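One structure is given here, and the rest of the page talks about it.
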């Protein structure tokens, strides 16, 4: 992403932005579905992922209309008024100026994506994302961790019996390992 090229800029954005409405990479955020399950989008390259994402969510025409309107009536007047049309990153702060300039565009995009997520269940989203090859992952809550099969498959957890499992960790054969026995919570997605 053009305006997230360095660590200093990323830290500045992370500390100063409201994470929901104006996040600069709308294809790389966590959103909650209609049934309350959180999904992490994994599309860091907006150019590659935005069209498939809005197509999967069924908001392509709505998004194009919103983006066009916002560029025409919010972004372009500011661009012309502030004479920023020659942004060439010649001085420090141009990236932040550009990001501030396109805030209405980011808000428009994130709002439409968030509204679409609010209307779909996780199961509906899985089907649509599979059809459109959207990169995503469900966000597991701590209460779900012991019922999630990946830690068991990777050998991090082992079943002891129906009520308890062992959590084990070892970085290498030379380092100390530990294990803890905990109750199984039995909550599933």
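Residue numbers (full-length UniProt numbering): 1 to 189. Note that CB positions come from ideal geometry on N, CA and C, so glycine has one too. Quantities reported herein were computed from a predicted structural model and do not represent experimental measurements.
inquiry  = So, under 8 Å CB-CB, residue 112 and residue 59 are touching, yes? Tell me the CB distance rounded to an integer number of Å.
reply    = Contact between residue 112 and residue 59 holds: their C-beta atoms lie close to 5 Å from each other, under 8 Å.
key: Backbone CA spacing between residue 109 and residue 115 [nearest angstrom]   = About 10 Å.
Run of the alpha helix (DSSP H) containing residue 41, from where it starts to where it stops = Segment 38 to 41 is the beta strand (DSSP E) holding residue 41; no alpha helix (DSSP H) there.
ask   = Between residue 148 and residue 35, is the Cβ-Cβ spacing less than 8 Å?
value = No, Cβ-Cβ distance for residue 148 and residue 35 is not below 8 Å.
key: the segment 60 to 80 / the segment 33 to 47 touching (three or more Cβ pairs under 8 Å)   = Two segments are said to touch when three or more pairs of C-beta atoms, one from each, lie closer than 8 Å; by this definition the segment 60 to 80 does not touch the segment 33 to 47.
query = Roughly how many whole angstroms lie between the Cα atoms of residue 102 and residue 54?
reply = Going from the Cα of residue 102 to the Cα of residue 54 covers about 19 Å.
task = Tell me, to the nearest whole angstrom, how far the beta carbon of residue 99 is from that of residue 24; I am working on the premise that it is less than 8 Å.
result = Rounded, the Cβ-Cβ distance is 6 Å, consistent with contact.
request  = Please classify residue 72: is it buried, with 16 or more other beta-carbons within 10 angstroms of its beta-carbon, or exposed?
outcome  = Residue 72 should be labelled exposed.
key: residue 140: first and last residue of the uninterrupted beta strand (DSSP E) it sits in   = Neither: residue 140 is in no beta strand (DSSP E) and is coded neither H nor E.
key: Nearest-angstrom beta carbon gap, residue 48 and residue 117 [assumed within contact, 8 Å]   = About 20 Å separates the two Cβ atoms, so there is no contact after all.
query = For residue 224, which residues of its own chain have a beta-carbon under 6 Å away from its beta-carbon, when the five flanking residues on both sides are left out?
reply = The requested residue 224 does not occur in the structure, where the chain is confined to residues 1 to 189.
ask   = What's the call for residue 80, buried or exposed, on a 16-neighbour Cβ count within 10 Å?
value = Its Cβ having fewer than 16 others within 10 Å, residue 80 is exposed.
Delimiting residues of the alpha helix (DSSP H) encompassing residue 194 = Here the chain has residues from 1 to 189 only, and residue 194 is not among them.
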